[in-house]
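Residue numbers for the sequence shown follow the numbering used here, beginning at 2 and rising by one.
Heads up, the beta-carbon is just placed ideally off N, CA and C, and yes, glycines get one too.
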Amino acid sequence: MKDCCPVCNSDKKKEIGLPKINLISKRFVDKEFKIVQCNNCELYYVSPKIDFNSSQWNQLYNSEYFSNQSNWLLEKRKKELAKRFDTARSLIENQNQKLKYLDVGAGEGKGLLEAHGRGWEATGIDIVDNRLQDAKLSEIKFIKSNLLECDLPENHFDFIYVDSVIEHVLNPFEYLSKIKKLLRKGGVIYIGVPNEDCLFNSVRKLVFVLTGKKNESEKLKPFDSPYHVIGFNDSSLKYFLDKIELRVLKKRNFGRKFDFLSYSPKSKSFWIGIFFLFPVEYIGQLIQRDIYFEAYLSWNN
Ligand SMILES: [Zn+2]
2 MKDCCPVCNS DKKKEIGLPK INLISKRFVD KEFKIVQCNN CELYYVSPKI
52 DFNSSQWNQL YNSEYFSNQS NWLLEKRKKE LAKRFDTARS LIENQNQKLK
102 YLDVGAGEGK GLLEAHGRGW EATGIDIVDN RLQDAKLSEI KFIKSNLLEC
152 DLPENHFDFI YVDSVIEHVL NPFEYLSKIK KLLRKGGVIY IGVPNEDCLF
202 NSVRKLVFVL TGKKNESEKL KPFDSPYHVI GFNDSSLKYF LDKIELRVLK
252 KRNFGRKFDF LSYSPKSKSF WIGIFFLFPV EYIGQLIQRD IYFEAYLSWN
302 N
């Protein structure tokens, strides 16, 4: 099988570096994988294409460790989520009807709860059911499946929320194309993805070079948490959305620079936050190379 870019199909690419491999993925990695960047659309991806089976992926994801978040951070995240829903609401045409909400990669189900709380019809889909007990209400529909294999109704949903999902899929073009088909004309898709060309990654690369790991890639992390298998910068994200013929209604480059405040001043994370992460992210924001992108999208016509 030819090893091409999963967005534009070009086989022209340059090597970025070698991925970090953790103890679990080490059991399945049986050839030399490299992080590469497509010369045509600038997408970052893994070459050759990763061929893990679903049981192997599950082992990787189940091993992922979620730390407990402080109440302050939980509250902050909840407000951010509500703000995104408000923004989406203001962009959706047909304001009067009960909205149909779809949460792709529903995770703990916080988006489902927010939608349900607004009186919307909420549906979630995910390959595993990690929903909090609160989000397991009978009025909330949940489908345990891969999005590409499910048979949700087309031209149906008013708001589709896709946060921190696309960087985990090997075939982003098919994936977002399918999401677009599920969207009703006049509806809105929210996507959130990391910016691989953020300043933080450049600083990480510098640290790798200084600590004798110059071959290690600072982009993506296919074989170590958080298991990102593709990645965008500003240009590749633009190319990707254009190719799927989605219209960008609103787009933003942003960071999470105050999150270190959720740690105790007694912890190492707090001080790393103040003296390292905060300054890097602050400058990153000033030069428009912050850590995440978010975009609100609609049908072109
Ligand atoms: Zn490409």
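For residue i, the first and last residue of its enclosing alpha helix (DSSP H)
i, result
"Asn59", "55 to 63"
"Val30", "Run containing Val30: none; DSSP gives neither H nor E here."
"Ser178", "173 to 183"
"Ser139", "Where Ser139 is concerned, there is no enclosing alpha helix (DSSP H), given that its DSSP letter is neither H nor E."
"Phe201", "200 to 211"
Opening and closing residue of the beta strand (DSSP E) in which residue i lies
i, result
"Gln286", "Looking at the DSSP string, Gln286 is not in any beta strand (DSSP E); the run it does join, the alpha helix (DSSP H), is 279 to 287."
"Leu238", "Where Leu238 is concerned, there is no enclosing beta strand (DSSP E), although the alpha helix (DSSP H) it sits in stretches over 235 to 244."
"Ser11", "Unbroken run through Ser11: none, as it is neither H nor E."
"Phe160", "158 to 164"
Residue i versus residue j - alpha carbon distance
i, j, result
"Asn72", "Leu24", "32 Å"
"Val30", "Ser263", "36 Å"
"Pro7", "Gln134", "37 Å"
"Phe255", "Val189", "20 Å"
"Ile273", "Ile36", "27 Å"
"Ser165", "Phe277", "24 Å"
Simplified DSSP assignment, three categories, for residue i
i, result
"Asp295", "According to the sequence as given, residue 295 is Glu; it is not Asp. Strand at Glu295."
"Ser270", "helix"
"Trp73", "helix"
"Ser48", "strand"
"Glu109", "coil"
Neighbour-count burial assignment, residue i, 16 or more Cβ in a 10 Å radius
i, result
"Lys14", "buried"
"Arg290", "buried"
"Trp121", "buried"
"Arg253", "exposed"
"Glu94", "exposed"
"Gly213", "exposed"
Contact under 7 Å by Cβ, residue i with residue j
i, j, result
"Val194", "Glu168", "yes"
"Ala136", "Leu114", "yes"
"Val316", "Val204", "Any answer about residue 316 is impossible in this case: the structure gives the chain only from 2 up to 302."
"Leu250", "Tyr297", "yes"
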